[in-house]
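Protein chains in written order, with the numbering used here: chain A, 4 to 225; chain B, 575 to 888.
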């Protein structure tokens, strides 16, 4: 999922300082799962905003609404009525949802979260990065562990000299991605894979912002 | 001195000639300053002149901004008539910038290049910077080999006057996974490394174990392996390196010798000289690389005491 965390309330208040009526827009997608921007978090932020502003003697009206996914035009349409009745929007969706809502909104849309990474839920309250969305997956060569996301230097041909006792040179709290790859390939009896030289990568930035068009689907819709 | 006739040299560098002619190589290292002056480099260059076969210049070591390794290398060539070993890390430049810098470096006379990953930016003075790692060290080695041997850039396009570098790499016998270290070195040699300078050896037994693996794979016959050595001038620094530097192993004996010594600096020289002599006995070790971090001035003393003078000339 896309993992995000709520921006501090002070930052949010700063962004909406000039306004008297705002919408706090939530998303039932990834940000609900990572407890940053679902219906519950929308309610909490809305209350915090109301309280802070009334304490300052500058009351504000806060509307709350959450839709299935802010990264999908079909669901964004549901915001139409509320968006046209407020002066600004605070979106608690990931950066994608925030931008897509902004594209469709006549009023300014502000980020209520910081979008962090593509990660997994390791335990209650713990998330960790697992994918870089590089566009050319090498997991078949590395025992299902991504060297780009898991190695602090995104090295493709083995660990740097800073790997020791299973940890990365950056911090004793960070596992060395290549130690993980080594251990996994050893367990799978595939250590030979480590000998392959992975060539310099095409980072797929040659066409600007990346897009995906699947003709068979677009035709179907027509 | 007997004239040696060289054939099929890859770069023709002095370091290559020393190694190819089977003589025990000896290189030094200068960490460029964090300010815009050659003063310190000039001082150390004068100290090392005639004492080493080439001088490494580190590339923003420990991710701290320093005078560039290519700038320092040119100074060594033009001002001192000495041979640099230009270090290049993958952290700060993409493949465009690296190839471009190296075309210029070659045109100016640089012949040795040492390819490295580079310390993570979190160690340095700009921890919030965006690192590059467009290519890793193995890919960088291969890029330079293709430039030299195939006359083409990484993209495949022709390079009309191709830089013919003596390509170096590092390997850390003290990092983990230990079983992978020699294999990783094999990958670097397969990718095109001609010579190797190891991470500094402060645990000789572990290094000997590493060299056993190297010999098992026959790597010492495919590339020249130079042992990295560091005179450590204080017991405190030795202890710090033992516990606080990731990827480093420092033997207890090493620390205790410095701690018990009346004159730790003199003992540091003694240990380094002993280690050089031990390295000369290890099959497959072709030379030593002395990196006296923040103590460059001691390099000539170490080399002299180890009996490595005079250095060969061609």
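For every residue, glycine included, the Cβ atom is placed at its ideal position computed from N, Cα and C. This one's a predicted model, so the numbers in the text were calculated from it and none came from an experiment.
9 Å Cβ cutoff, residue i in contact with chain A
i                      : result
residue 705 of chain B : yes
residue 694 of chain B : yes
residue 748 of chain B : yes
residue 664 of chain B : yes
residue 728 of chain B : yes
residue 745 of chain B : yes
residue 691 of chain B : yes
residue 858 of chain B : no
Span separating the alpha-carbon of residue i from that of residue j
i                      : j                      : result
residue 865 of chain B : residue 603 of chain B : 5 Å
residue 784 of chain B : residue 755 of chain B : 8 Å
residue 193 of chain A : residue 767 of chain B : 25 Å
residue 805 of chain B : residue 113 of chain A : 57 Å
residue 612 of chain B : residue 649 of chain B : 8 Å
residue 734 of chain B : residue 669 of chain B : 18 Å
residue 590 of chain B : residue 691 of chain B : 23 Å
residue 221 of chain A : residue 660 of chain B : 54 Å
residue 708 of chain B : residue 90 of chain A  : 44 Å
residue 658 of chain B : residue 647 of chain B : 5 Å
residue 703 of chain B : residue 695 of chain B : 7 Å
residue 212 of chain A : residue 102 of chain A : 14 Å
residue 779 of chain B : residue 849 of chain B : 11 Å
residue 216 of chain A : residue 107 of chain A : 21 Å
residue 652 of chain B : residue 580 of chain B : 25 Å
residue 64 of chain A  : residue 139 of chain A : 47 Å
Residue-level contact to chain B via CB, residue i, 9 Å cutoff
i                      : result
residue 86 of chain A  : no
residue 148 of chain A : no
residue 162 of chain A : yes
residue 141 of chain A : no
residue 30 of chain A  : no
residue 38 of chain A  : no
Buried versus exposed call for residue i [16 or more other C-beta atoms within 10 Å across all chains shown]
i                      : result
residue 606 of chain B : buried
residue 181 of chain A : buried
residue 48 of chain A  : buried
residue 762 of chain B : buried
residue 206 of chain A : exposed
residue 618 of chain B : buried
residue 700 of chain B : exposed
residue 87 of chain A  : exposed
residue 625 of chain B : buried
residue 195 of chain A : exposed
Secondary structure of residue i, DSSP reduced to three states
i                      : result
residue 198 of chain A : helix
residue 817 of chain B : helix
residue 124 of chain A : strand
residue 716 of chain B : helix
residue 64 of chain A  : strand
residue 742 of chain B : strand
residue 114 of chain A : strand
residue 171 of chain A : strand
residue 686 of chain B : strand
residue 107 of chain A : helix
residue 724 of chain B : helix
residue 579 of chain B : coil
residue 203 of chain A : coil
residue 184 of chain A : helix
residue 143 of chain A : coil
DSSP bridge partner residues for residue i (one or two, in chain order)
i                      : result
residue 863 of chain B : B:601, B:802
residue 658 of chain B : B:629
residue 753 of chain B : Per DSSP, none; premise fails for residue 753 of chain B.
residue 769 of chain B : B:742, B:798
residue 130 of chain A : A:124
residue 29 of chain A  : A:69
residue 836 of chain B : Answer by DSSP bridge pairing: none, since residue 836 of chain B is not bridged.
Short CB-CB distance (under 9 Å) between residue i and chain E
i                      : result
residue 203 of chain A : No chain E appears in this structure, whose protein chains are A and B.
Closer than 8 Å: residue i CB and nearest the ligand FMN heavy atom
i                      : result
residue 145 of chain A : Among the components of this structure there are no ligands whatsoever, and the ligand FMN is therefore not found.
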